[in-house]
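Single-structure report; data block below.
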Ligand code: HEC
């Protein structure tokens, strides 16, 4: 089973678990798990997501919500792309002045500006772990760990 999303195709499957292409697909949605020799074994991505979930709980959830859907301390949602989360353009009046084209763009913003009450205080790998968790919470699983290089290649579907 191909797990990693096609890079050229970007993240077109972000909210669509059934989406699959020859170039790549989303793991853990509806694929033939029985044929996956790695099924049942936590992958590097799984472990990154678990770490990210813990970090999110400590550093982000008190504003972005335990479920990532925002609403506390004026924090916008990070989960629910189909409902307008993480829009391409900054919202009117936002601190953010960059576009979110790739996952790397989100990482660049978050690493400098988040947590809003202690900007830049996480380690780089911690930001990527939190972002891996955010991908997972949006219904995406990657075949490999989310690295800065991979994040630059993953285009958010619009
Ligand atoms: C003290 C509250 C607070 C905390 C804690 C916090 N955020 Fe935020 N976050 C905000 C606010 C407010 C915004 C909107 C910023 C703006 O105006 O652009 C935001 C925006 C964001 C955005 C951009 C969303 C968008 O739609 O533009 C991301 C990504 C993000 N936060 C990630 C994180 C992560 C990851 C953490 C934890 C490491 C975190 N935030 C912790 C309040 C918070």
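Residue numbers (this note's numbering): 2 to 159. Cβ atoms here follow ideal geometry from the backbone N, Cα and C, with glycine treated the same way. As the structure is a prediction and not an experimental result, all values here were calculated from the model.
Inset, instruction - Would you tell me roughly how many angstroms separate the C-alpha atoms of residue 87 and residue 128, rounded to the nearest one? - result: 16 Å
Legend entry - First and last residue of the uninterrupted alpha helix (DSSP H) at residue 131: 125-138
Legend entry - Near the ligand HEC: residue 74 beta-carbon under 7 Å from a heavy atom: yes
Legend entry - Identity of the residue in 144, 123 and 154 nearest residue 55 by Cα: 123
Legend entry - Collapsed DSSP secondary structure at residue 156 in the structure displayed: strand
Legend entry - Backbone CA spacing between residue 131 and residue 48 [nearest angstrom]: 11 Å
Inset, instruction - Work out the CA separation of residue 147 and residue 96 for me, nearest whole Å. - result: 25 Å
Inset, instruction - Please classify residue 32: does DSSP put it in a helix, a strand, or coil? - result: Its pLDDT being 48, under 50, residue 32 is placed unreliably in this model, and the coordinates cannot settle the point.
Legend entry - Three-way DSSP call (helix, strand, coil) for residue 12 in this model: Its pLDDT being 49, under 50, residue 12 is placed unreliably by the model, and the measurement read from it follows with that caveat. Residue state, collapsed to three classes: coil.
Legend entry - Neighbourhood of residue 107 by C-beta, 6 Å cutoff - its chain only, sequence neighbours within 5 removed: 101
Legend entry - residue 103 vs residue 152 beta-carbon contact at 8 Å: yes
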